[in-house]
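Asker: Read left to right, the sequence shown gives residues 61 to 129 (the numbering used here).
Virtual Cβ for every residue (Gly too), placed ideally from N, Cα, C.
Below is a structure I'd like to ask you about.
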Amino acid sequence: MLDNFSLGLIERAVALNNGRCKLEASGGIREELLVKIAKTGVDYISVGAITKHCQAIDLSLLVQDHLPT
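What follows is the structure in structure tokens.
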């Protein structure tokens, strides 16, 4: 997890990692930087702003037992 890393630090971390594990860039990711961050070679980019101000919905799931009697 590369949280709140600058673009330069992300590039350095990717180079040091050398493909040994999956890397995710997150924290402060802005739309205008997405392409540049993707080009660093990180495996995942997490953008919390997508869901930060969404209104939650209340869902429920009712499971009934239908075993033969």
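1. Expressed to the nearest angstrom, what Euclidean distance is found between the alpha-carbon atoms of A75 and A109?
2. Classify V102: buried if its beta carbon has 16 or more other beta carbons within 10 angstroms, exposed otherwise.
3. Please state the DSSP three-state secondary structure of L93.
4. Among the residues of its own chain, which have a CB less than 7 Å from the CB of D63, if the five just before and after it don't count?
5. Near F65, which residues of its chain fall below 7 Å by C-beta distance, leaving aside the five closest residues on each side in sequence?
Answerer: On the basis of the data shown:
1. Going from the Cα of A75 to the Cα of A109 covers about 27 Å.
2. By the neighbour-count rule (16 or more Cβ atoms within 10 Å), V102 is buried.
3. Annotated three-state conformation of L93 is helix, per DSSP.
4. Excluding positions up to five away in sequence, the list reads S86, G87.
5. If you ignore the 5 residues before and after F65, its C-beta comes within less than 7 Å of the C-beta of A73, A85, all in its own chain and listed in chain order.
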